[in-house]
Amino acid sequence: MKPCAGALAALGLGMWLGCGGALAQEVAVTFALEPGHEGKTVSWSATPLDLPMDADMLAAMIMEPDPIAGPWQVVLEPGSYLVSAFSEEDVFELTVVVEPDANQSYIVPALNLTPQVAYHCTEGPSCLVQDPDTGLSFVLPQGWGAEQPYFADLGGGEVAAEVSGVFFEDTDGEEAAVWFLNPVDWIEDDNGPCLEVSIGTLCSFEIGPAAQAGFDLIAPSLAVGPSAP
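Residues in the sequence shown are numbered from -10 upward in steps of one, following this note's numbering.
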């Protein structure tokens, strides 16, 4: 065994990784759900936000293999992370910067998943929408709605360059068609297929007849112009 490897093996948790002056400390961190949700069983993950542009985000993601109840204790290298927890009813999310110190803990809040419905198409075969806040313009089919478009917060003060949005068939029931424009952290193998459009990608859980009809009208209409000052 090389001297450096022997020293690392002896240090164990909280070890300094690397030799020749290149040090990267791993830190034990605890994440807990916000008050009122402490005992909920959730699936945890931490996605590094300091990755190079060509990095495999899925391979770099740290995931708890099984859902757990109670705090999540995990070992992370210092850096910025998007920490997420999912149950069947709720999503919890927090962007954190892990410092090179021991005994760190964070409270992860629940996201407000109430749709911010900004636009509806109730008349004619279709409706042209121009959102002044983001500059996004698109056509909605009759009977569809759209949430407020936005530029995703990537953490650390960084905002996505591409605009995101949600377009949905405005009907009751779980089978309603929905398309997500440039969703952050979408994993096609787990969430559903994505199709390229002129300003990024449109993704859906499943492309049925209603979703395909919506895509055929929405996709070619997508454009981004100047937003309101």
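We put the beta carbon where it would ideally sit given N, CA and C, even for glycine.
Check                                                                                                   : Outcome
Same chain, Cβ closer than 6 Å to ALA199, neighbours up to 5 away in sequence not counted               : GLU158, ALA166
PRO121 burial status per 10 Å Cβ neighbour count (16 or more: buried)                                   : exposed
Under 9 Å between C-beta atoms of LEU65 and VAL18                                                       : yes
Environment of ASN171 [buried if 16+ CB atoms lie within 10 Å]                                          : buried
Same chain, Cβ closer than 7 Å to VAL87, neighbours up to 5 away in sequence not counted                : VAL16, VAL18, LEU65, PRO67, GLY68, TYR70, GLN93
One or two residues paired with LEU117 in a DSSP bridge                                                 : VAL128
Segment contact, 8 Å Cβ cut-off, at least three pairs: the stretch 43 to 55 with the stretch 120 to 139 : no
Residue of ASP39, GLU78, HIS109 minimising C-alpha distance to VAL155                                   : HIS109
With 16 other Cβ atoms within 10 Å as the buried cut-off, status of SER73                               : buried
Exposed unless 16 or more other CB atoms sit within 10 angstroms - verdict on LEU191                    : buried
Residue span of the beta strand (DSSP E) that contains LEU143, given as start and end                   : 139 to 144
Alpha carbon of MET52 to alpha carbon of GLY113, nearest angstrom                                       : 47 Å
Extent of the continuous alpha helix (DSSP H) to which ILE96 belongs                                    : Segment 93 to 97 is the beta strand (DSSP E) holding ILE96; no alpha helix (DSSP H) there.
Exposed unless 16 or more other CB atoms sit within 10 angstroms - verdict on PRO138                    : buried
LEU206, DSSP secondary structure in three states                                                        : helix
Where PRO232 sits in the DSSP three-state scheme                                                        : Residue 232 is absent from the model: the chain starts at -10 and stops at 218.
Burial state of GLY145, where buried means 16 or more other Cβ atoms lie within 10 Å                    : exposed
Close Cβ partners of GLY151 (< 6 Å) along its chain, the five nearest in sequence each way excluded     : According to the sequence as given, residue 151 is Glu; it is not Gly. Hits under 6 Å: ASN171, GLY189.
Closest residue to SER222 among GLN201, GLY181, VAL186 (Cα-Cα distance)                                 : For the chain, the structure presents residues -10 to 218; residue 222 sits outside this window and is missing.
Closest residue to SER34 among GLU195, ALA99, GLU185, PHE75 (Cα-Cα distance)                            : PHE75
Span separating the alpha-carbon of VAL213 from that of GLY28                                           : 44 Å
Counted within 10 angstroms of its Cβ, other Cβ atoms place TRP175 as buried (16 or more) or exposed    : exposed
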